[in-house]
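So the structure is just underneath, and the comments pick up after that.
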Amino acid sequence: MNSKITLLLSNLNEQISFIDLEIDDTIHKCEKAIEIILISNNTLKKIITKNNFKSEQEEILFFKEIKPQFTSKLIYYNMIYKIEMKKPNGGHRILKKYYNNELIKLKAFFDNELEFYKYYRSGSIYLDYKYFLRGKFDIKMSLDSYYFETDRNFSTSHDFKVAKILANDLIQLYLENQLLIIDNKDTSEKSQHKPNIKMTWTGSKVALIELMYALHSEGVFNNGASDLKDIAEYFEHIFEIDLGQYRRAFLEIRARKSERTKFITALNDTLTKRMDNSDEVI
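For reference, each letter of the sequence shown is one residue, going 120 to 401 in my numbering.
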């Protein structure tokens with residue numbers, strides 16, 4: 120059972136990564152992500168329904184650590200979808216107020232669930248038998264009403280709360296990133312200090328596109344929250360270059376018969392040679 124779930128989660132993460140790479144529009148991206156997450160969650164439920172846990176420890180592990188990884192993705196993309204659908208039309212000031220209000224809502228959840236949040240974040244286990252075993256709920260624990268409407272064979276009193284905590288971490292990151300983007304736009308509209316030296320990209324556009332996709336895949340910008348389109352526009356701005364149809368260029372890179380990561384490989388070889396050169400002056 121564990122191997123099936125591990126493979127299921129791995130495939131889900133891979134599909135979501137592909138969606139993040141290929142779709143720029145946030146709303147469309149959320150729609151596609153939710154679609155595949157629902158399929159994965161349904162498959163996960165079937166696996167659990169057909170198989171019994173070998174021990175209470177295995178059951179606790181599943182509902183405390185494994186299932187929330189699936190559920191949190193659904194919560195995250197559904198919440199981002201709602202946030203973007205309700206986003207008001209207006210200037211930067213209106214948008215900043217909107218995103219800040221969403222952050223306040225996240226804090227409200229944190230305040231309401233402070234006791235359990237501390238328990239989970241501290242790695243405590245002494246109440247796991249109540250929180251993460253099916254049918255072991257305690258009405259005195261101020262349970263959310265939705266719990267009584269869930270499938271008791273596939274839910275415990277607190278597995279959804281864990282998923283909510285994980286999702287909220289990502290939602291907070293998303294909102295803070297949106298605020299940062301707005302601040303950066305505000306700054307760019309004002310006279311800002313610019314380096315005296317202008318850096319011009321003198322390599323090929325294909326090489327820059329290959330580098331751009333590699334950096335996006337590694338998630339090095341804004342903790343991986345930056346869209347590919349944002350990175351492309353940033354590269355075009357700082358290097359004053361038109362990357363054109365970079366998605367088509369990436370398809371051509373991917374279809375190379377020989378070395379697909381030609382530029383990245385060349386970078387690695389060049390840097391390695393430099394490191395190996397004992398006469399190199401740092």
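Glycine included, each C-beta is placed from N, C-alpha and C at the ideal position.
Everything numeric in this text was worked out from a predicted model, so none of it was measured.
Next on the checklist: Taking the alpha-carbon of Tyr86 as reference, which of Lys237, Asp361, Phe182, Ile158 has the nearest alpha-carbon?
Outcome noted: Nothing in the structure corresponds to residue 86, since the chain is present only between 120 and 401.
Item to check | Three-way DSSP call (helix, strand, coil) for Ala385 in this model | outcome: Ala385: helix per DSSP, three-state reduction.
Checklist entry - Do you know how far the Cα of Tyr245 is from the Cα of Lys186? => result Those two C-alpha atoms are separated by around 20 Å.
Checklist entry - So which of Ile328, Gln297, Lys280 has the shortest CA-CA distance to Gly363? => result If you compare the alpha carbons of Ile328, Gln297, Lys280 with that of Gly363, the shortest gap goes to Ile328.
Next on the checklist: Contact between the region 336 to 346 and the region 371 to 382 is defined here as three or more beta-carbon pairs at a separation below 8 Å; is this criterion met?
Outcome noted: Verdict: no, contact absent.
Item to check | Option nearest Ile135 by Cα separation, candidates Phe358, Glu378, Gly343, Lys283 | outcome: Considering only alpha carbons, the answer is Gly343.
Next on the checklist: Could you compute how far the alpha carbon of Ile300 sits from the alpha carbon of Ile213?
Outcome noted: Roughly 14 Å separates the two Cα atoms.
Item to check | Which listed residue (Gly322, Tyr332, Asp346) has its alpha carbon closest to that of Phe358 | outcome: Residue nearest to Phe358 within the set Gly322, Tyr332, Asp346 is Gly322 (criterion: CA-CA distance).
Item to check | Buried or exposed by the 16-neighbour rule on C-beta atoms within 10 Å, applied to Met394 | outcome: Classification for Met394: exposed.
Item to check | Segment limits, alpha helix (DSSP H) that includes Thr380 | outcome: Secondary structure note for Thr380: it is in no alpha helix (DSSP H), with a DSSP letter that is neither H nor E.
Checklist entry - Should Ile167 and Phe273 be called a contact, given that it needs their Cβ atoms to be closer than 9 Å? => result Cβ atoms of Ile167 and Phe273: closer than 9 Å.
Next on the checklist: Does Gln176 pass the burial test, meaning 16 or more other C-beta atoms within 10 Å, or should it be called exposed?
Outcome noted: By the neighbour-count rule (16 or more Cβ atoms within 10 Å), Gln176 is not buried but exposed.
Item to check | Backbone CA spacing between Ser276 and Glu141 [nearest angstrom] | outcome: Roughly 37 Å between the two C-alpha positions.
Item to check | Coarse secondary structure for Asn160, derived from DSSP in three states | outcome: Under the three-state reduction of DSSP output, Asn160 falls in the helix class.
Checklist entry - Quick one: what does DSSP say Ser336 is sitting in, helix, strand or coil? => result Ser336 falls in the helix class under three-state DSSP.
Checklist entry - Under 9 Å, do Leu294 and Tyr200 count as touching if we go by C-beta distance? => result No; because the gap between Cβ atoms is not below 9 Å, this pair is not in contact.
Next on the checklist: Let me make sure I understand the geometry here. Which of Ile124, Phe137, Ile155, Asp143 has the alpha-carbon closest to that of Asn170?
Outcome noted: The closest CA to that of Asn170, considering only Ile124, Phe137, Ile155, Asp143, is found on Ile124.
Checklist entry - What's the gap between the Cα of Glu234 and the Cα of Leu330? => result Here the C-alpha atom of Glu234 lies approximately 45 Å from the C-alpha atom of Leu330.
Checklist entry - Cα-Cα, which of Phe354, Glu352, Tyr332 is closest to Lys381? => result Out of Phe354, Glu352, Tyr332, Tyr332 has the C-alpha closest to the C-alpha of Lys381.
Item to check | Closest residue to Ile158 among Leu285, Leu128, Ile179 (Cα-Cα distance) | outcome: Closest option to Ile158, judged by alpha-carbon separation, among Leu285, Leu128, Ile179: Leu128.
Checklist entry - Quick one: does the C-beta of Ala333 sit closer than 8 Å to a heavy atom of the ligand ZN? => result Although the ligand ZN was asked about, the structure shown includes no ligands whatsoever.
Next on the checklist: Between the alpha carbons of Arg253 and Ser174, how many angstroms are there, rounded?
Outcome noted: The alpha-carbon atoms of Arg253 and Ser174 are separated by roughly 12 Å.
Checklist entry - Just checking my contact of Ile290 with Leu225 at CB under 8 Å: how many whole Å lie between their CB atoms? => result About 6 Å separates the two Cβ atoms, so the contact holds.
Item to check | Span separating the alpha-carbon of Gln188 from that of Leu285 | outcome: So the two alpha carbons sit approximately 8 Å from each other.
Checklist entry - Which residues bound the alpha helix (DSSP H) around Asn341? => result Looking at the DSSP string, Asn341 is not in any alpha helix (DSSP H), and its letter there is neither H nor E.
Next on the checklist: Distance check for Tyr196 and Arg271, CA to CA, integer angstroms please.
Outcome noted: When rounded, the separation of the alpha-carbon atoms in Arg271 and Tyr196 is 24 Å.
Item to check | Residues near Glu378 in its chain [Cβ-Cβ closer than 7 Å; skip 5 each side] | outcome: The answer, listed in chain order, is Thr384.
Checklist entry - By a C-beta neighbour count over all protein chains shown, 10 Å radius and 16 as the cutoff for buried, is Asp139 buried or exposed? => result Per the 10 Å Cβ criterion, buried.
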